[in-house]
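Everything on this sheet refers to the single structure shown next.
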Amino acid sequence: MVCIDRKRARAAFLAYVDAYDVSNKRIALKIAHTYRVANLCEQIAKGEGMDEEDVELAWLCGLLHDLGRFEQLRLWDTFSDGASAEHAAIGTAVLRGLSASSVPARVAPAEHPWDAPHPPAPAVGSGAIESFLQDRAFDDMILASVECHSLLRVPQGLDNRTRMLVDIVRDADKIDILRVNCENSVQTVLGVSQREFLQSEIGSGAVRAFEERRCLAREERLYPADYLVGMALFVFELVYPASKRIMRDAGQLQRMLVHPFGVQDEFELAQTRETWSRMAKVLVEYLEEA
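Residues in the sequence shown are numbered from 1067 upward in steps of one, following the working numbering.
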């Protein structure tokens, strides 16, 4: 049985992020998100009756899933993969002991807002996978869980245990992303005013994704309300019954369906109101069946 030393793993994570500006609210947000996702991974694994080894592995995969976000923010000052490089690929590179520059980027890095002098792998604080755990038998599964956690679709060909860990991390990440977005304003989450949001259409791509019961692809998000739909559609992609129960019991999706981003007013366009109302009804019924 693999023995995950959580104290060692937490220390390695803290040493890694300590090289960044932890007073930066976005860095702090990602650190907090990381801990919550790790805990959610543990809850899901336990809720599905998995053995102790898989519970521990799930927790560690959650702790490591967003390691690439910190270099992404440092180099590009954004959390947008489309305006930088894929954060999951950056995280995988860091875990392999490579630099973020080894990952193909959509946009060249800007001037570094701050330095992040990490020690070389495998030292504590390097971000390399061997700094987090001694047992190396599960490296491939852990790396796959990081690499695949933000993909629109999980690639075929993964063995059952690896796919299990990948799905747990993806479920946990979606649950916490929904929570974060539910608790913040439309300006904070989408970067648009409340008025722009309320005047928005829901695009045909978002409607098609809803009808197909799947997540919304990046290129399908055309209007502010499409981003709202995309987040709500996370529920259709949850794999494990335990994940659905956690999301249902938290009540965040239900709050977002009624008052998205805390907005009390209705959408101004009748078609947007009707489409959103129809989607909300189906989503609530789907989650209540969990």
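C-beta: ideal position from N, C-alpha, C; glycine also.
The structure displayed is predicted, hence computed values, not measured ones.
Verify whether the separation of the beta carbon atoms of residue 1289 and residue 1312 is less than 8 angstroms. What you label residue 1289 is simply residue 223 of the sequence shown in a count that begins at 1. What you label residue 1312 is simply residue 246 of the sequence shown in a count that begins at 1. Result no, Cβ atoms of residue 1289 and residue 1312 do not sit closer than 8 angstroms.
Beta-carbon gap between residue 1198 and residue 1264 smaller than 8 angstroms: Residue mapping note: residue 1198 aligns to position 132 of the sequence shown, counting from 1. Residue mapping note: residue 1264 aligns to position 198 of the sequence shown, counting from 1. Going by C-beta atoms, residue 1198 is not nearer than 8 angstroms to residue 1264.
Taking the Cβ atom as the reference point for each residue, do residue 1215 and residue 1154 lie within a distance shorter than 8 angstroms? Walking along the sequence shown from the start, residue 1215 turns up at place 149. Walking along the sequence shown from the start, residue 1154 turns up at place 88. Contact flag set, yes.
Can you have a look at residue 1131 and say buried or exposed, based on whether 16 or more other CB atoms are within 10 angstroms of its CB? Along the sequence shown, read from residue 1 onward, the residue named residue 1131 stands at position 65. So residue 1131 ends up on the buried side.
Reduced DSSP secondary structure (H/G/I, E/B, other) of residue 1116: Walking along the sequence shown from the start, residue 1116 turns up at place 50. It is coil, neither helix nor strand.
Collapsed DSSP secondary structure at residue 1262 in the structure displayed: Position 196 of the sequence shown, counted from the start, is the residue given in the question as residue 1262. The answer is helix: DSSP assigns residue 1262 an H, G or I state.
For residue 1347, does the count of other Cβ atoms within 10 angstroms reach 16, so buried, or fall short, so exposed? For this step, residue 1347 is matched to residue 281 along the sequence shown. By the neighbour-count criterion, in which a residue is buried when 16 or more other Cβ atoms sit within 10 angstroms of its Cβ, residue 1347 is exposed.
Using 8 angstroms as the cut-off, can you tell me whether the segment 1240-1255 makes contact with the segment 1293-1302, which would need three or more C-beta pairs spanning the two stretches below that distance? Touching, yes.
Helix, strand or coil at residue 1290 [DSSP, three-state]: As a first step, residue 1290 must be located in the sequence shown, where it is residue number 224. Under the three-state reduction of DSSP output, residue 1290 falls in the helix class.
Range of the contiguous alpha helix (DSSP H) that encloses residue 1271: Sequence index remark: in the sequence shown, residue 1271 carries index 205 (1-based). It spans 1270-1277 - the alpha helix (DSSP H) in which residue 1271 sits, taken as one unbroken run.
Once DSSP output is grouped into helix, strand and coil, what is the label at residue 1191? The count along the sequence shown starts at 1 and reaches residue 1191 at position 125. Coil, per DSSP.
Unbroken alpha helix (DSSP H) run spanning residue 1253, endpoints: Your numbering for residue 1253 matches position 187 in the sequence shown. Looking at the DSSP string, the run of the alpha helix (DSSP H) that includes residue 1253 is 1252-1256.
Check whether the Cβ atoms of residue 1159 and residue 1173 lie closer than 8 angstroms to each other. Here residue 1159 refers to the residue found at position 93 of the sequence shown. Here residue 1173 refers to the residue found at position 107 of the sequence shown. In this structure, residue 1173 does not lie closer than 8 angstroms to residue 1159 by Cβ.
Residue 1149 by DSSP, collapsed to three states: which one? On the sequence shown, residue 1149 is found 83 positions in, with the first residue counted as 1. Residue 1149 falls in the helix class under three-state DSSP.
State the Cα-Cα distance for the pair residue 1141 and residue 1086, rounded to the nearest angstrom. Against the sequence shown, residue 1141 aligns to sequence position 75. Against the sequence shown, residue 1086 aligns to sequence position 20. Straight-line Cα distance between these residues: approximately 11 angstroms.
Within the segment 1180-1229, ranges of the alpha helix (DSSP H) (whole runs, at least 4 residues): Segments of the alpha helix (DSSP H) lying fully in the segment 1180-1229: 1205-1214.
Contact under 8 angstroms by Cβ, residue 1136 with residue 1083: Position 70 of the sequence shown, counting from 1, holds the residue named residue 1136. Position 17 of the sequence shown, counting from 1, holds the residue named residue 1083. Result yes, Cβ atoms of residue 1136 and residue 1083 sit closer than 8 angstroms.
For the segment 1276-1290 and the segment 1189-1205, state whether three or more C-beta atom pairs, one from each stretch, are separated by less than 8 angstroms. Not touching, per the Cβ criterion.
Taking the C-alpha atoms as reference points, what is the distance between residue 1152 and residue 1314? For the purposes of this step, residue 1152 is taken as residue 86 along the sequence shown, with counting starting at 1. For the purposes of this step, residue 1314 is taken as residue 248 along the sequence shown, with counting starting at 1. The alpha-carbon separation between residue 1152 and residue 1314 amounts to approximately 30 angstroms.
Quick one: which unbroken alpha helix (DSSP H) runs of 4-plus residues sit fully inside the segment 1283-1335? Chain order, please. Counting whole runs of 4 or more residues, the segment 1283-1335 contains the alpha helix (DSSP H) stretches 1290-1298, 1300-1303, 1307-1316, 1318-1324.
Which residues bound the alpha helix (DSSP H) around residue 1135? Against the sequence shown, residue 1135 aligns to sequence position 69. Where residue 1135 is concerned, the enclosing alpha helix (DSSP H) stretches over 1134-1142.
Taking 8 angstroms as the CB-CB cut-off, is residue 1182 touching chain E? Absent from the structure: chain E. Only one protein chain is present.
Report the rounded CA-to-CA distance for residue 1331 versus residue 1354, giving the unit in angstroms. As a position in the sequence shown, residue 1331 is number 265, starting the count at 1. As a position in the sequence shown, residue 1354 is number 288, starting the count at 1. Their backbone Cα atoms lie some 25 angstroms apart in a straight line.
Hey, residue 1139 and residue 1092 are a contact pair by Cβ (cut 8 angstroms); roughly how many whole angstroms apart? Here residue 1139 corresponds to residue number 73 of the sequence shown, with the count starting at 1. Here residue 1092 corresponds to residue number 26 of the sequence shown, with the count starting at 1. The Cβ separation is near 6 angstroms, so the contact holds.
Give every residue of the same chain whose Cβ lies closer than 7 angstroms to the Cβ of residue 1320, excluding the five residues on either side of it in the sequence, and list them in chain order. Taking the first residue of the sequence shown as 1, we reach residue 1320 at position 254. The answer, listed in chain order, is 1350.
Hey, residue 1129 and residue 1193: beta-carbon distance below 8 angstroms or not? Taking the sequence shown and counting its residues from 1, the one referred to as residue 1129 is at position 63. Taking the sequence shown and counting its residues from 1, the one referred to as residue 1193 is at position 127. Not closer than 8 angstroms, so no.
Starting from the C-beta of residue 1108, find all residues in its chain whose C-beta is less than 7 angstroms away, skip the five residues before and the five after it, and write them out in chain order. Translated into the one-based positions of the sequence shown, residue 1108 becomes position 42. Taking residue 1108 as the centre and dropping the five residues before and after it, the same chain places the C-beta of 1121, 1124, 1125 closer than 7 angstroms to its C-beta, in chain order.
I'd like to know whether the C-beta atoms of residue 1260 and residue 1273 end up nearer to each other than 8 angstroms. Mapped onto the sequence shown, residue 1260 falls at position 194. Mapped onto the sequence shown, residue 1273 falls at position 207. Contact flag unset, no.
Best match in 1238, 1336, 1175, 1297 for proximity to residue 1305 [C-alpha to C-alpha]: For the purposes of this step, residue 1305 is identified with residue 239 of the sequence shown, where counting begins at 1. Looking from the CA of residue 1305, the closest CA among 1238, 1336, 1175, 1297 belongs to 1238.
Same chain, Cβ closer than 7 angstroms to residue 1248, neighbours up to 5 away in sequence not counted: Mapped onto the sequence shown, residue 1248 falls at position 182. Excluding residues within five positions, the ones whose Cβ falls inside 7 angstroms are 1318, 1321, 1322.
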